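Following the working numbering, the numbering of the sequence shown begins with 3 at its first residue and continues without gaps. Here the structure is laid out as structure tokens; the discussion comes afterwards.
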Amino acid sequence: MDSPSVAVVLVGLNPTPALLSSLTLPADRIVLLCSDGTRSLAERVAAALERLAPDRSARVMGVGPDPHDPVGVGVALERIHRDHGVAPRHLDYTGGTKVMSVAAALHRAPATGAPGLRCHYLDPTSDLLRPVDAADPALPIADGGVDLGVLADVHGAHWLEDRDPAPVRAALRGGARALRETFPGLHPTEVRGVVNEAEVLRHLRRITRGRGDIEVLGPRRVADPRHPADSIADFDALVRIRHRVLCVEVKSGPEEVVARAGWTVAKARRVFGNVAKVLFVHTGPPVPGLRERISDHSPALSSSNVQAWSLRDLRERLTDAEALRRAFFPGQAGPGSGPHTRTAPPTASSAPSAASFPPRAVPSAPPTAPCAAATAPICAVTATGPAPILVTALGSSRLGLLSAVHAHRPARALLISSRQGVRSGVREAAARALYAAEHPGAPLPDTAGLRESGHRDRIRFAADPVDGFDAGAVADAARAWIDGVRAEDPERPVVVDVTTGTKAMSLGLALAARRSGACIACLVVRDRTVVCLAHGGTAAQGRAVVDWALVLDGYAPLVGPLSDAVCPQGAAQIDVPLVAAAADHLARAASGPVGVWADRSLADPATASTARERSAVVLTFDDRAVGLVAPSWRRPGRSGVVRGVSRGAWAQSVSAATGHLNLRCDVAGKVMALSRPGGDVGRAGELVAWITHDEPDDDGGGDWGFGDPQRPVLVVADPAAPPALWNTDVSVL
Ligand SMILES: [Zn+2]
């Protein structure tokens, strides 16, 4: 009997890639590797696999409570080897933390710089499992049997009712007249809303009729885990093409679209994973610039994940299923690309990837070549020695990069960026962070000064951007550069920092480090430490000098009182005196320097109408940032009449503002959501807990800190009686 083929799949907070990889990898035993925090997600994936792929076994294994502990990963992999009697053959490292990914891929890896297992990464743009080794074929995703119910289920979401609601059914049957006859009590506004929903749904169903790979569901409400009879989120219509999901929101006017976009994307991702997209359909004529206003509102809401169309556009442009696929999922193979089966993985020549990803040259060093590598005897992270050479990646948050430059104080640094990375201004900011780390307390030089001191020259970008999903290409680029500087300066230690960039970029850097005998470092922001994965050591990082003007896109230093920086439209959206009081107290309580930044859009009547979905003020304390959010409990509606805000709508604003700060500051940011006494902030706690797969915080925010950026601190406060929490010295957190 053949020995079993075992695949290890890492599970993070988005379980969709784990499910798809488990269905795709050529293995008959799947081990879902999780931390304590993601165990329930891993168990749901295992249960789904039992139904979808009864021919393969699935079990869950934990690495312990700390997903940043490489030792726990090694112990788990040894146990998998022992339990199955063979070494695992495949690894999908798409999920889990950076440390989990790198530690698993390098487990028992030879010193040649090849990974210990066959490593795969789910490339969301092409729907391929991309291999690290250029000689391995890319595997087209197998998603047979994966429908909207399965996707929601692995995310722990369940519909309150598994069919279209009665009013929508009536409108589908006989339009407004049937709806009014069946539900005579409905307000005319509600009738219009339901009729519009039914119209969108009817159109989507008509153009996708007969397509077995497309599923369309009408309005669905997601059961609230804490109040099972109520819903925590709802969708107007859902379209699935293979495993991809488009959440359709029907709005009666375009004005509602911009302000709703943040929450809508958050709930879509929570229920269907990070690749879910959102389409707003509004009645009335198309609105020029609406799409741009959504991006201005939050750069996270790019046109690739949020679209806004008029109902007329929808009818005219989406005339058939292919038009639908091309408009929203252009990277996906269309019909006729073959059955989606998980038997017989394709060969390299038959894989549809061959055309879009020409095979890379296999690295020239033969795997058996004698290697100078092994791990260097002295750790470049924890030992005090000469300044190292640093190689790191530029990710979506530029803060991590600046922290890495600060932590390692490199003699020279190479920054590798993908096409997605934003390079503008980064080199100078990194040079300045380096100067500041070497000259604590000294005034910071300008651009000319950085050139003169040589700091600018010490930071380099790799000449060509890399494919952020191709670990092998990143490894090749990093290795070539390390070899080059080693030839000039053989004694200097080398460190790669894997904290930022995509997972594939991190793994590529780690593989290059392995081959070059370099240390592999990862920053743990929560306690400002740096872990060396090669030597197992931990070093304290100190505090980076951050160019906040670069990080806090959309904010300007606040000079003078906050009320002077807010136009009347902005003042209607947020509680300005409450934010000002909190900022004032927190700034005074700080023992270190404080930066005060105000949301620029507050001053502009054209953009201030959505200010409640952003931090009004951001306070910066060295390398950390606190965003102050205080959505008003009463605000003018479209008609101009001031109305009360529901606790759910208030909570959604807080959730959107949290995502907004998170995009800029990642783990270094924390939102403090403020309400006056009488405001019900409890719903915000529940909503946030749901979005983050967590338990609501019951301690009232008494004890708070950094490292958990998705969870705002909720504070009920009266400026006249400031709470003790405002006396927190954030400088020491
Ligand atoms: Zn080390």
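By construction, the Cβ of each residue, glycine as well, lies at the ideal position given by its N, Cα and C atoms. Note that the coordinates shown come from a computational prediction; the quantities given were computed from them, not determined experimentally.
Under DSSP, the beta strand (DSSP E) around residue i begins and ends at which residues?
i, result
"residue 559", "557 to 559"
"residue 416", "414 to 419"
"residue 662", "That residue, residue 662, is in no beta strand (DSSP E); its alpha helix (DSSP H) goes 649 to 667."
"residue 133", "130 to 133"
"residue 311", "308 to 312"
"residue 492", "Where residue 492 is concerned, there is no enclosing beta strand (DSSP E), given that its DSSP letter is neither H nor E."
"residue 169", "No beta strand (DSSP E) holds residue 169; the alpha helix (DSSP H) holding it covers 168 to 184."
"residue 192", "Counting along the chain, residue 192 falls outside any beta strand (DSSP E), though it belongs to the alpha helix (DSSP H) covering 190 to 210."
"residue 463", "461 to 463"
"residue 391", "391 to 396"
"residue 693", "Premise fails: residue 693 lies in the alpha helix (DSSP H), 684 to 693, not in any beta strand (DSSP E)."
"residue 251", "246 to 253"
"residue 526", "521 to 526"
"residue 34", "31 to 36"
Can you tell me whether residue i is helix, strand or coil according to DSSP?
i, result
"residue 599", "strand"
"residue 720", "strand"
"residue 219", "strand"
"residue 579", "helix"
"residue 384", "coil"
"residue 285", "coil"
"residue 98", "coil"
"residue 298", "helix"
"residue 616", "coil"
"residue 487", "helix"
"residue 122", "strand"
"residue 228", "coil"
"residue 478", "helix"
"residue 80", "helix"
"residue 85", "helix"
"residue 440", "helix"
"residue 358", "Per-residue confidence for residue 358 stands at a pLDDT of 39, beneath the threshold of 50, marking its modelled position as unreliable; the derived number appears in the next sentence. Residue state, collapsed to three classes: helix."
"residue 587", "helix"
"residue 635", "coil"
"residue 15", "coil"
"residue 110", "coil"
"residue 142", "strand"
"residue 516", "helix"
"residue 562", "coil"
"residue 626", "strand"
"residue 233", "strand"
Along the alpha helix (DSSP H) that carries residue i, what are the first and last residues, could you check?
i, result
"residue 405", "400 to 410"
"residue 272", "257 to 274"
"residue 150", "150 to 156"
"residue 782", "Past the boundaries of the shown model lies residue 782; the chain is included only from 3 to 735, so the question cannot be answered."
"residue 18", "18 to 26"
"residue 449", "449 to 454"
"residue 58", "That residue, residue 58, is in no alpha helix (DSSP H); it is neither H nor E in DSSP."
"residue 325", "323 to 330"
"residue 535", "It is not in any alpha helix (DSSP H) - residue 535 carries neither H nor E in the DSSP assignment."
"residue 53", "41 to 54"
"residue 727", "Careful: residue 727 lies outside any alpha helix (DSSP H) and carries neither H nor E."
"residue 240", "Per DSSP, residue 240 belongs to no alpha helix (DSSP H); it is in the beta strand (DSSP E), 239 to 243."
According to the neighbour-count rule (16 or more other Cβ atoms, all chains shown, within 10 Å of its Cβ), is residue i buried or exposed?
i, result
"residue 252", "buried"
"residue 360", "Interpretation of residue 360 is limited by its pLDDT of 39, a score under 50 that renders its predicted location unreliable; no figure is taken from the coordinates."
"residue 241", "buried"
"residue 380", "exposed"
"residue 643", "exposed"
"residue 493", "exposed"
"residue 51", "buried"
"residue 805", "With the chain covering 3 to 735 only, the question about residue 805 has no answer from this structure."
Is residue i a contact residue of ligand 3, with contact defined as CB to any heavy atom under 6 Å?
i, result
"residue 330", "Summarising the ligand content, the structure contains ligand 1 and does not contain ligand 3."
Exercise. Which residues are close to ligand 1, meaning CB closer than 5 Å to any heavy atom, in chain order?
Worked result: 381, 383, 521, 534, 536, 537
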